[in-house]
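In what follows, a structure is listed as structure tokens, so that the remarks can point back to it.
Numbering (this note's numbering), first residue to last: 297 to 766.
Written out as structure tokens, the structure reads:
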């Protein structure tokens with residue numbers, strides 16, 4: 297919860313609060329209602345029926361606009377809830393999470409008039425705890441319903457219930473609990489350096505040993521020791537990724553997949569085309585505004601135009617050689633999924649090498665699964681689902697006879713092209729960034745280790761040799 301801010305109330309508000317028992321508070325913040333005059337009349341009538349004074353926050357709806365303050369009604373501008381809610385008897389609001397929490401922690405019975413979002417949820421939570429009545433949707437708000445709700449909030453039962461809620465909230469330490477949960481769920485074993493356990497791992501290293509291929513997690517310092525001792529090369533290190541998320545678009549069929557890919561290519565081309573005309577003019581104006589001569593400004597504009605043409609060419613090339621073939625390939629590969637079949641996972645394309653491997657796997661398994669599926673899918677379907685399963689298996693096998701080999705053939709073009717594109721992109725994109733980070737970090741630790749203990753380096757080398765000797 298936010299700490300109570302420093303606030304000096306205006307004299308009229310201070311006088312109103314001091315002139316009688318704690319009033320009811322009503323406010324809807326940034327919510328804008330269709331008929332604020334009617335809502336104001338409902339609030340005043342309900343408060344009068346309950347014989348209670350009321351503070352009405354004008355808010356964005358400007359409740360009570362044009363009406364003066366009276367002995368029983370005060371129209372309020374801006375005022376921090378943390379200060380005000382300590383001085384009222386109950387609160388009526390829209391049910392925002394922050395406003396709800398502020399009212400409850402100050403032990404104020406709460407009436408929620410929800411408009412949208414999570415507001416109905418908080419209304420039910422408050423009512424379930426006995427700290428207020430059931431929420432009243434804004435469109436159902438009437439003098440009668442609001443009067444009943446206010447009477448409930450002014451009852452001893454509601455006040456006792458909200459005090460219990462406030463006591464629980466004050467004992468809670470939400471930040472501490474969140475931090476504890478965070479640390480409790482950290483996969484610590486996958487984040488620690490295998491050579492220097494007191495340090496976090498930043499890299500992974502893989503090599504052959506007598507018992508097969510082995511993996512190591514290395515900190516910057518451990519990696520530096522091994523590189524300086526000629527045990528490994530910096531090019532052998534890969535960034536440690538304890539959790540990866542696949543953000544690739546799933547293509548469910550070749551029709552929608554191809555159409556969306558074509559639309560994406562057209563969008564990229566159109567944006568690049570617009571930049572070809574707009575960017576040179578912007579560059580020319582910027583150069584002239586900087587005081588450059590007309591010739592230099594024209595040169596900058598020509599360079600911007602060249603970049604625009606390059607972007608157009610790149611959009612067409614990428615769309616025709618990578619995006620569209622890939623969309624058709626994955627669309628054909630995933631079509632059997634629509635009938636309950638599970639396509640093979642042939643791996644992920646990371647570079648030109650893996651692109652060729654995935655293409656070969658997709659081609660081989662595509663023809664194999666497509667041909668054998670004509671016989672195996674009906675058999676499996678009949679075994680699991682009888683006659684209906686047999687029919688489904690025939691449909692799946694027949695469809696797979698065309699889609700799976702088709703995915704294999706298109707994949708011979710799509711996956712190598714995707715791999716080449718990723719390899720080229722890594723030269724200037726994330727791969728270059730990783731390479732630069734690797735160089736910077738290792739150089740930093742190389743300088744740092746000169747000041748450290750030589751025992752650590754000796755320990756790393758001994759553990760490394762023993763590990764890969766097995």
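The beta-carbon is built from N, C-alpha and C at its ideal position, and this holds for glycine as well.
- Only residues of its own chain outside the window of five on either side were considered, and among them 300, 301, 303 have a CB closer than 8 Å to the CB of residue 376, listed in chain order.
- Judged by pairs of C-beta atoms under 8 Å, the region 575 to 586 does not touch the region 651 to 666, as fewer than three such pairs exist.
- Comparing C-alpha distances from residue 335 to each of 433, 414, 473 shows the shortest one belongs to 433.
- If you draw a straight line from the Cα of residue 758 to the Cα of residue 512, it comes to about 14 Å.
- For residue 753, the closest of 630, 520, 606 by C-alpha to C-alpha distance is 520.
- Fewer than three pairs of CB atoms, one per stretch, sit closer than 8 Å, so the region 360 to 371 makes no contact with the region 381 to 396.
- Taking C-beta separations shorter than 8 Å and ignoring five residues to either side along the sequence, the partners of residue 384 in its chain run 318, 319, 320, 321, 351, 404, following chain order.
- The beta carbon of residue 604 is closer than 8 Å to those of 568, 569, 571, 572, 573, 575, 576 in its chain, skipping five residues each way along the sequence.
- By the neighbour-count criterion, in which 16 or more other beta carbons inside 10 Å mark a residue as buried, residue 468 falls on the exposed side.
- Inter-residue distance for residue 701 and residue 499 is about 39 Å (C-alpha atoms, whole angstroms).
- In the three-state DSSP reduction, residue 411 falls in the coil class, being neither helix nor strand.
- When the beta-carbon positions are compared, residue 615 and residue 550 stay at least 7 Å from each other.
- Going by DSSP, residue 352 is part of the beta strand (DSSP E) stretching over 350 to 353.
- Per the DSSP secondary-structure output, residue 473 pairs with nothing in a beta bridge.
- If you draw a straight line from the Cα of residue 666 to the Cα of residue 639, it comes to about 11 Å.
- If you keep only unbroken alpha helix (DSSP H) runs of at least 4 residues inside the region 651 to 702, you get nothing at all.
- Three or more Cβ pairs closer than 8 Å define a contact, and the region 528 to 543 falls short of that threshold against the region 605 to 612.
- For residue 504, the enclosing beta strand (DSSP E) starts and ends at 499 to 505.
- Between residue 439 and the set 338, 409, 382, 456, the nearest pair of CA atoms involves 338.
- Residue 398 has its alpha-carbon roughly 38 Å from the corresponding atom of residue 541.
- The Cβ-Cβ distance between residue 457 and residue 427 falls below 7 Å.
- In the structure shown, residue 363 adopts coil according to DSSP, grouped into three states.
- Looking at the DSSP output, residue 388 sits in a beta bridge with 322, 407.
- With respect to residue 408, residue 462 sits apart: the two C-beta atoms are not nearer than 7 Å.
- Distance check between residue 634 and each of 647, 695, 490 places 695 closest, using alpha-carbon atoms only.
- With fewer than 16 other Cβ atoms inside 10 Å of its own Cβ, residue 683 counts as exposed.
- DSSP links residue 371 through a beta bridge to 352.
- Assignment of beta-bridge partners to residue 488 by DSSP yields 496.
- Counting other Cβ atoms within 10 Å of its Cβ, residue 505 stays below 16 and is therefore classed as exposed.
- Assigned with DSSP and collapsed to three states, residue 510 falls in strand.
- In the DSSP assignment, residue 519 falls within the unbroken alpha helix (DSSP H) covering 516 to 524.
- Around the Cβ of residue 688, a 10 Å sphere holds 16 or more other Cβ atoms; the residue is buried.
- Taking residue 685 as the centre and dropping the five residues before and after it, the same chain places the C-beta of 677, 678 closer than 6 Å to its C-beta, in chain order.
- In this structure, the alpha-carbon of residue 357 lies about 22 Å from that of residue 308.
- According to the DSSP assignment, residue 448 belongs to the alpha helix (DSSP H) that extends over 439 to 449.
- Taking each of 760, 766, 546 in turn and checking the Cα distance to residue 490, the smallest one comes out for 760.
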